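First comes the structure, then the notes that go with it.
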Amino acid sequence: MAAKHSYKFCFGPWNLSEGQDPYGPPTRPAQTFEWKLAQLKKLGFDAMMFHDDDAVPDVDNKSPAEIRKATRELKKKLADAGVAAEMVAPRLWFDPRTVDGAFTSNDPACRRYAIERSLRCIDIAKELGTDLIVLWLAREGSYLRESKNARRCVDYLVEALDKMLAYDKKVRIAIEPKPNEPMDQAYIPTIGHALALAQLTRDPARVGCLIETAHAILAGLDPADEIDFACAFGKLWSLHLNDQNGLKFDQDKPFGSANLRMAFNQVRALERNGYGKRGEYVCFDVHPFRPTKVEHWLAHLDNSRRTFLRLVEKARTFPEKEAQKLIADRNYAALDQLVLEHLMGR
Ligand code: XUL
Ligand code: MN
Numbered sequence: 016m017a018a019k020h021s022y023k024f025c026f027g028p029w030n031l032s033e034g035q036d037p038y039g040p041p042t043r044p045a046q047t048f049e050w051k052l053a054q055l056k057k058l059g060f061d062a063m064m065f066h067d068d069d070a071v072p073d074v075d076n077k078s079p080a081e082i083r084k085a086t087r088e089l090k091k092k093l094a095d096a097g098v099a100a101e102m103v104a105p106r107l108w109f110d111p112r113t114v115d116g117a118f119t120s121n122d123p124a125c126r127r128y129a130i131e132r133s134l135r136c137i138d139i140a141k142e143l144g145t146d147l148i149v150l151w152l153a154r155e156g157s158y159l160r161e162s163k164n165a166r167r168c169v170d171y172l173v174e175a176l177d178k179m180l181a182y183d184k185k186v187r188i189a190i191e192p193k194p195n196e197p198m199d200q201a202y203i204p205t206i207g208h209a210l211a212l213a214q215l216t217r218d219p220a221r222v223g224c225l226i227e228t229a230h231a232i233l234a235g236l237d238p239a240d241e242i243d244f245a246c247a248f249g250k251l252w253s254l255h256l257n258d259q260n261g262l263k264f265d266q267d268k269p270f271g272s273a274n275l276r277m278a279f280n281q282v283r284a285l286e287r288n289g290y291g292k293r294g295e296y297v298c299f300d301v302h303p304f305r306p307t308k309v310e311h312w313l314a315h316l317d318n319s320r321r322t323f324l325r326l327v328e329k330a331r332t333f334p335e336k337e338a339q340k341l342i343a344d345r346n347y348a349a350l351d352q353l354v355l356e357h358l359m360g361r
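According to our numbering, the sequence shown is numbered sequentially starting from 16.
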């Protein structure tokens, strides 16, 4: 086990969401950014993560000078609150120009728009004092195989990453894979794909990844194994912990809510790799359950962190010697029970 250390925590403005889903309207009133920042402070979190338009609303219709001004205003609010900006992610899935893909659209004008928007996102990140850009490649995939040339799309993705890497010599890009939703099939569905893509770019050392629990589960993978795989390459630069009950829509449940043992194994993997020691944050990409009342609006975030910290204790007090003996004896039934009893508390 790596030496013990403490963790820093983060969430995004979208994690204090209002409850709308494809079948119904919001169930809680919209709140201001100031309110969200105050709640983050109240919960004692350390950083906030941003989409480019969370940081600068209506970013597409602003001039570079207006973007700089809005970013500086946000920077001041964060500094006054003592909250860091963890990352900025271009929202490449909302504009009409991204309807058939952003970097991988069949339309060259739309691909140019996606790259330009990503460069503006880098400007915002720099101004906010973070070198980390997250790419959730929401619409880079297809609804039907024949609509796009998947081989060419790999080149388009590399071209976009290369433009971003060339634009700023310090920027680091963390790809957040997800296998489906909104697309039927995404081109970068797993950490293996993300890290392989990194190797094709002009500066592989500056392209890493972000693992989200729910996304790994949707890909049929164990998020703990994804964490170990990414860490073996030194490439886990951010993390979206949450939970997911099987193969259905992306649920973003509180961490540990669906499968406590799987959550425990993610924490064990983070502990053994010393995640956080190089300044990485533990971010919770979780949402309130839709029926949540206004007065319970923060619980999913607070609970996720409580569960995480309890599981850190469980990881650090795991009876390792006993486990090693059982492993040496190939007594996996006893190992299984040891884990369950440790989690339940004897
Ligand atoms: C989508 C998702 C996003 C990214 C940031 O499933 O997880 O919120 O984390 O763009
Ligand atoms: Mn996420």
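The beta carbon of each residue, even a glycine, is placed where N, CA and C say it ideally should be.
All figures in this text were calculated on a predicted structure; none of them were measured in a lab.
Anyone know if the C-beta pair for residue i and residue j falls short of 8 angstroms?
i	j	result
Leu210	Lys250	yes
Leu326	Ala273	no
Leu262	Thr216	no
Trp312	Leu55	no
Arg276	Leu358	yes
Asp317	Leu58	yes
Thr205	Pro197	no
Asp75	Val103	no
Glu227	Glu174	no
Val98	Met64	no
His302	Asp267	yes
Ala124	Leu107	no
Ile137	Tyr182	yes
Arg135	Ile82	yes
Nearest to residue i by alpha carbon, out of the options?
i	options	result
Gly144	Arg135, Thr205 and Ala100	Ala100
Ser78	Ile226, Pro204, Arg132 and Val98	Arg132
Ala220	Glu310, Met198 and Ile188	Ile188
Glu356	Asp344, Arg345 and Lys329	Lys329
Gly207	Asp243, Asp199, Tyr182 and Glu174	Asp243
Trp252	Asp240, Leu147, Glu335 and Gln266	Leu147
Glu310	Cys25, Phe24, Glu33 and His20	Glu33
Phe248	Val222, Phe264 and Gln259	Val222
Trp151	Arg126, Cys168, Arg305 and Ala117	Ala117
Within the same chain, show all residues whose beta-carbon is closer than 7 angstroms to that of residue i, passing over the 5 residues directly before and after it, in chain order.
i	result
Gln46	Leu31
Glu161	none
Met16	Residue placement at Met16 is flagged as unreliable, the pLDDT there being 47, under the threshold of 50; a coordinate-derived value is accordingly withheld.
Phe60	Phe24, Cys25 and Phe26
Leu350	Ala338, Leu341 and Ile342
Could you pull the DSSP bridge partners for residue i from this structure?
i	result
Met198	The partner list for Met198 (beta bridge, DSSP) is empty, contrary to what the question assumes.
Arg187	Leu147
Asp258	Lys268
Asp36	Gly39
Cys168	The partner list for Cys168 (beta bridge, DSSP) is empty, contrary to what the question assumes.
Leu225	Ser253
Phe299	Leu256
Val114	Gly116
Trp327	The amino acid at residue 327 is misidentified as Trp; the sequence shows Val. Partner(s): none; Val327 has no beta bridge.
Ser157	Gln200
Could you name the residues of the same chain whose beta carbon sits closer than 6 angstroms to that of residue i, not counting the 5 residues immediately before and after it, in chain order?
i	result
Gln35	Pro41
Tyr171	Phe118 and Thr119
Between residue i and the rest of its own chain, which residues show a CB-CB distance below 8 angstroms, the 5 nearest in sequence each way excluded?
i	result
Arg305	Gly34, Asp36, Gly39 and Thr42
Problem set entry | Contact shell at 5 angstroms, judged by CB to any heavy atom of ligand 2, ordered along the chain | Glu227, His255 and Asp300
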